[in-house]
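Enquirer: Per our numbering, the sequence shown starts with residue 484, numbered consecutively.
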Amino acid sequence: MFVGGIRALLEQALHPKAMAGVAAHSNFREDAWGRLQRTGDYVGTLTFGSKTEADKLASRVRRVHEILKVDEPELLLWVHMAMVDAFLDTAVRSGLKLSISEQDKYVDEMVVFAELVGIETGLVPRTVGQMQNYFQEIMPKLSASDDAKRAALFIALPPLPPLLRFGTPIAPLWGGITSLAAAALPKWARKLYGWPSVPGQDSATDLALRATRNALQFLPESLRQPQQFKVGKVKEHTA
């Protein structure tokens, strides 16, 4: 989820109007870790949480979007679709076996996420094909603004307390994760950022994603599973 979440943030930043709102009205630079954590909590709660929990979180997200001035339908839809694209593509390239119909089902099921933050149902792509058409249509509006480039640099090199930066392996580990997320961006996104692509890069990235996923399988389930999933399982067993 970390790689997909970071890729989603990098992808979302490529809409200049959406990124301008974030840069002008949010504390992204002071709370990059919190932003990433909230993205994970958002996906985890809407996926594994109860309807009450999902409605409560969605209401909070709508208020944040109003504050950031990104509550226009076009901007909300962009943020949603960039997230869906990032998580689905990262999962498939990491080796998760999903048929075309299963990928379509995922995109369709994610429409609920869009509805909860106030996007009209009819505006939201419901299949991979519709999602690809959406990206083709919005492409002329996308660019890597100065705000987007600053955000990308900040994500790659966030401020860390000296003890963490020099006394733990978190800095190189984070650098590896963010580099993998950046490499996992689609070619058009990397081109907008001005990041070079080399022959065989996508294949090498796929191998790295699979290796990362395989390595994570050796972690205890308590570390691999989102907190919301574990809470949901407890409720299921005690119901």
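Quick reminder that beta carbons are idealized off the backbone N, C-alpha and C, glycines included.
Being a predicted model, the structure only gives us computed values, none of them experimental.
(1) When the Cα atoms are used, what is the spatial distance from residue 589 to residue 607?
(2) Please state whether DSSP places residue 713 in a helix, a strand or coil.
(3) CB-CB under 8 Å to residue 691, same chain, minus the five flanking residues each way: which ones, in chain order?
(4) For residue 586, which of helix, strand or coil comes out of DSSP?
(5) Give me the Cα-Cα distance between residue 575 and residue 581, rounded to the nearest whole angstrom.
(6) What residue range does the alpha helix (DSSP H) around residue 658 cover?
(7) Quick one: what's got a C-beta closer than 7 Å to residue 617's C-beta in the same chain, skipping five residues either side?
(8) Jot down the residue ranges of each uninterrupted alpha helix (DSSP H) in the segment 591-644, minimum 4 residues, whole runs only, in chain order.
(9) Between residue 489 and the rest of its own chain, which residues show a CB-CB distance below 6 Å, the 5 nearest in sequence each way excluded?
(10) Residue 554 and residue 545 - do their beta-carbons sit closer together than 9 Å?
(11) On the criterion of 16 or more Cβ atoms from any shown chain inside 10 Å, does residue 537 qualify as buried, or is it exposed?
(12) How many angstroms separate the CA atom of residue 498 from the CA atom of residue 584?
(13) Whose C-beta lies closer than 7 Å to the C-beta of residue 541 among residues of the same chain, with five residues either side of it excluded?
(14) Taking only three categories from DSSP, how would you classify residue 682?
(15) Touch check for the segment 668-686 and the segment 626-643: three-plus C-beta pairs under 8 Å?
(16) Helix, strand or coil for residue 579, going by three-state DSSP, please let me know.
(17) Are the beta-carbon atoms of residue 556 and residue 602 separated by less than 9 Å?
(18) Around the C-beta of residue 501, are 16 or more other C-beta atoms found within 10 angstroms, so that it is buried, or is it exposed?
(19) In whole angstroms, what separates the C-alpha of residue 715 from that of residue 535?
(20) How about residue 637: is its C-beta nearer than 9 Å to some C-beta of chain B?
(21) Short of 7 Å in beta carbon distance, which residues of its chain neighbour residue 635, apart from the five on each side in sequence? Order them along the chain.
(22) Using three-state DSSP, classify residue 555 as helix, strand or coil.
(23) May I have the straight-line CA-CA distance separating residue 652 from residue 671, to the nearest angstrom?
(24) Buried or exposed: which applies to residue 596, given that a residue is buried once 16 or more other Cβ atoms fall within 10 Å of its Cβ?
(25) Can you tell me which of 689, 610, 567 puts its alpha carbon nearest to the alpha carbon of residue 587?
Expert: Judging by the given coordinates:
(1) Each residue's alpha carbon lies about 13 Å from the other.
(2) Low confidence applies to residue 713: its pLDDT is 39, below 50, so where it sits in the model is not reliable enough to give any reading.
(3) Same-chain partners within the cutoff: 663, 666.
(4) Of the three classes helix, strand and coil, the one that applies to residue 586 here is helix, per DSSP.
(5) One Cα belongs to residue 575, the other to residue 581, and the distance between them is close to 7 Å.
(6) Counting along the chain, the unbroken alpha helix (DSSP H) around residue 658 starts and ends at 653-666.
(7) Here the set comprises 564, 608.
(8) Entirely contained in the segment 591-644, the alpha helix (DSSP H) runs reaching 4 residues are, in chain order, 594-599, 611-621, 629-639.
(9) So the list reads 661, 664, once near-sequence residues are dropped.
(10) Against a cut-off of 9 Å, the Cβ pair of residue 554 and residue 545 comes out as a contact.
(11) Residue 537 should be labelled buried.
(12) So the alpha carbons of these two residues sit roughly 29 Å apart.
(13) Result list for residue 541: 599, 600, in chain order.
(14) DSSP, read as helix, strand or coil, puts residue 682 in coil.
(15) Flag = yes, the segment 668-686 and the segment 626-643 touch.
(16) DSSP places residue 579 in coil when its eight states are reduced to three.
(17) It is a contact, given that the beta carbons lie within the stated cut-off.
(18) Buried.
(19) Any reading at residue 715 must be qualified, since the residue scores a pLDDT of 40, below 50, and its modelled position is unreliable; no value is offered.
(20) The structure shown contains no chain B, having only a single protein chain.
(21) Closer than 7 Å at Cβ, skipping near neighbours: 493, 496, 676.
(22) Here residue 555 carries a coil assignment [DSSP, helix/strand/coil].
(23) About 32 Å.
(24) Looking at its Cβ environment, which holds 16 or more other Cβ atoms inside 10 Å, residue 596 is buried.
(25) Ranking the options by Cα distance to residue 587, first place goes to 610.
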